[in-house]
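Those sequence lines, one after another, are chains A and B. Its first residue numbered 20, the first sequence is counted upward by one per residue in the numbering used here. Its first residue numbered 20, the second sequence is counted upward by one per residue in the numbering used here.
There are 2 protein chains.
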Amino acid sequence: MTTDAKPSSRDRLLEAAATLTYAEGVGIGVEALCKAAGVSKRSMYQLFESKDELLAASLERRAAAAGRLLPEEDDARSPRERILHVFERLESQSVAPEFLGCPYLAVQIELKNPEHPASQVARRIKQGMTEFFRKEAERGGAGDPELLARQLVLLFDGASARAGIRADSLAGLIAPTVATLLDAAGMA
Amino acid sequence: MTTDAKPSSRDRLLEAAATLTYAEGVGIGVEALCKAAGVSKRSMYQLFESKDELLAASLERRAAAAGRLLPEEDDARSPRERILHVFERLESQSVAPEFLGCPYLAVQIELKNPEHPASQVARRIKQGMTEFFRKEAERGGAGDPELLARQLVLLFDGASARAGIRADSLAGLIAPTVATLLDAAGMA
Numbered sequence: 020m021t022t023d024a025k026p027s028s029r030d031r032l033l034e035a036a037a038t039l040t041y042a043e044g045v046g047i048g049v050e051a052l053c054k055a056a057g058v059s060k061r062s063m064y065q066l067f068e069s070k071d072e073l074l075a076a077s078l079e080r081r082a083a084a085a086g087r088l089l090p091e092e093d094d095a096r097s098p099r100e101r102i103l104h105v106f107e108r109l110e111s112q113s114v115a116p117e118f119l120g121c122p123y124l125a126v127q128i129e130l131k132n133p134e135h136p137a138s139q140v141a142r143r144i145k146q147g148m149t150e151f152f153r154k155e156a157e158r159g160g161a162g163d164p165e166l167l168a169r170q171l172v173l174l175f176d177g178a179s180a181r182a183g184i185r186a187d188s189l190a191g192l193i194a195p196t197v198a199t200l201l202d203a204a205g206m207a
Numbered sequence: 020m021t022t023d024a025k026p027s028s029r030d031r032l033l034e035a036a037a038t039l040t041y042a043e044g045v046g047i048g049v050e051a052l053c054k055a056a057g058v059s060k061r062s063m064y065q066l067f068e069s070k071d072e073l074l075a076a077s078l079e080r081r082a083a084a085a086g087r088l089l090p091e092e093d094d095a096r097s098p099r100e101r102i103l104h105v106f107e108r109l110e111s112q113s114v115a116p117e118f119l120g121c122p123y124l125a126v127q128i129e130l131k132n133p134e135h136p137a138s139q140v141a142r143r144i145k146q147g148m149t150e151f152f153r154k155e156a157e158r159g160g161a162g163d164p165e166l167l168a169r170q171l172v173l174l175f176d177g178a179s180a181r182a183g184i185r186a187d188s189l190a191g192l193i194a195p196t197v198a199t200l201l202d203a204a205g206m207a
């Protein structure tokens with residue numbers, strides 16, 4: 020349990036799966052994953068039942084480890100500021116050259132199968148975001164918190180997808196759009 | 020040039036590429052495409068330089084042939100109604116079991132390469148949609164037609180993606196969201 024321990028085979032596989040799937044898509048082969056992780060195929064199949072399971076687990080870990088988009092619970096800010104924070108983070112992440120949009124949306128679009136284990140993990144992670152928006156909308160006095168939450172995650176997915184494919188940049192776009200929806204929902 | 024002519028090898032390849040790529044992703048193999056089209060690999064490579072080129076051409080044809088989302092030019096309706104029409108069409112298409120979201124967005128997300136010939140075609144097709152929104156916004160007196168057009172195509176991509184992965188349905192969601200943005204832009 021020392022912090023300078025070398026990453027385990029399992030960790031290296033999870034990291035390689037998260038990184039390579041994001042950069043190249045879910046079609047990435049087991050050979051390439053094992054090579055990048057420096058782990059034999061035999062070891063991989065001892066650790067994970069299948070590539071599908073490895074992919075699902077890598078998304079779980081990514082969600083736990085990655086630079087979080089959601090603010091800390093109970094910071095001092097208003098619900099409106101806490102919602103805007105998510106989109107400010109997205110906007111600043113989106114300018115990185117390696118940004119390819121939301122990894123959880125991409126995996127679901129690529130797999131084209133809501134029942135795939137990795138689609139299920141991705142859907143659950145994004146439901147956490149919707150739930151965050153819903154709670155903040157409720158606390159902020161939105162007229163219809165459920166609708167506002169659905170609108171905000173729809174904006175999030177549209178914005179991250181369009182920035183990820185370089186169809187648009189989010190500057191001067193996402194912040195005013197979110198503000199318009201918050202205003203219309205009656206959130207101060 | 021008779022209308023009951025059997026589809027050519029070229030047409031069958033374009034059709035198979037559009038259908039199979041949409042259903043299974045850009046990773047679909049040349050073998051599978053040729054098999055579905057009933058065309059030999061040799062013939063395919065006589066007609067198209069590469070699978071990339073076939074994919075790009077299939078998107079062009081899909082855009083020309085598919086059930087159009089945009090209204091006819093110069094129908095009698097107002098710009099606001101013409102914009103809402105696009106989202107009504109999207110909402111009604113999205114309930115079909117085979118709906119997997121916007122094919123042009125999916126291809127770009129899957130290819131992860133804006134320079135790929137098919138990404139370029141897809142981007143151009145979607146730019147046509149942005150341009151439609153911009154023109155209607157201008158005609159309708161929107162305060163900032165450019166911004167409104169970017170917002171609308173962002174909504175379109177978010178909505179079609181979320182409906183395509185079955186994360187949400189568009190009922191009671193997309194129409195009020197579009198209306199809020201049109202209202203905020205000052206479009207009667």
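For every residue, glycine included, the Cβ atom is placed at its ideal position computed from N, Cα and C.
- Two segments are said to touch when three or more pairs of C-beta atoms, one from each, lie closer than 8 Å; by this definition the segment 71-81 of chain B touches the segment 139-154 of chain B.
- Apart from sequence neighbours up to five positions away, the residues of its chain that approach B/S59 with a beta-carbon distance below 8 Å are C53, ordered along the chain.
- Contact note: B/L119 reaches chain A through K131, using a C-beta cutoff of 7 Å and chain order.
- A direct Cα-to-Cα measurement between B/K25 and B/R31 gives close to 10 Å.
- Taking a C-beta cut-off of 8 Å against chain A, the contacting residues of the segment 154-180 of chain B are L166, R169, Q170, V172, L173, L174, F175, D176, G177, A178, A180, listed in chain order.
- Only exposed fits B/E134, as fewer than 16 other CB atoms lie within 10 angstroms of its CB.
- Nearest to B/L124 by alpha-carbon distance, out of B/S28, B/D163, B/L174, is B/L174.
- By the 16-neighbour rule on beta-carbons within 10 angstroms, A/E68 is exposed.
- For A/A186, the number of other beta carbons within 10 angstroms of its own is at least 16, and it is reported as buried.
- Residue-level contact check: A/L200 touches chain B, since one or more beta carbons of chain B fall below 9 Å from its beta carbon.
- The continuous alpha helix (DSSP H) containing A/F151 extends over residues 136-158.
- Taking C-beta atoms as the reference points, A/E155 and A/R108 fail to come closer than 9 Å.
- At a cut-off of 4 residues, the continuous stretches assigned as alpha helix (DSSP H) that sit fully inside the segment 84-127 of chain A are 98-113.
- A/A203 is the residue among A/V197, A/A203, A/A198 whose C-alpha sits nearest the C-alpha of B/T199.
- For the 9 Å CB-CB criterion, B/R153 and B/L167 form a contact.
- Within chain A, the residues whose beta carbon sits less than 9 Å from that of B/I128 are G44, L119, G120, L124, A125, I128, E129, A180, G183, I184, listed in sequence order.
- The three-state secondary structure of A/S28, taken from DSSP, is helix.
- The CB of A/L192 comes closer than 9 Å to the CB of L166, R169, Q170, L173 in chain B, given here in chain order.
- When DSSP assignments are scanned along the segment 42-79 of chain B, the uninterrupted stretches of alpha helix (DSSP H) that are 4 or more residues long and fall wholly within it turn out to be 49-56, 60-66.
- Taking a 10 Å sphere around the C-beta of B/P164, we find 16 or more other C-beta atoms and assign the residue as buried.
- Flagged as an interface residue toward chain A: B/D187, by a C-beta distance shorter than 9 Å.
- In this model, B/M206 and A/R29 are separated by some 55 Å (Cα to Cα).
- Here A/D163 carries a coil assignment [DSSP, helix/strand/coil].
- Put simply, the backbone Cα of B/A161 is about 18 Å away from that of B/P195.
- Where A/L200 is concerned, the enclosing alpha helix (DSSP H) starts and stops at 193-203.
- CA-to-CA, the gap between A/Q65 and A/G44 works out to about 24 Å.
- Within the segment 142-154 of chain A, contact with chain B at the beta-carbon level (separation under 9 Å) is assigned to R142, K145, Q146, T149.
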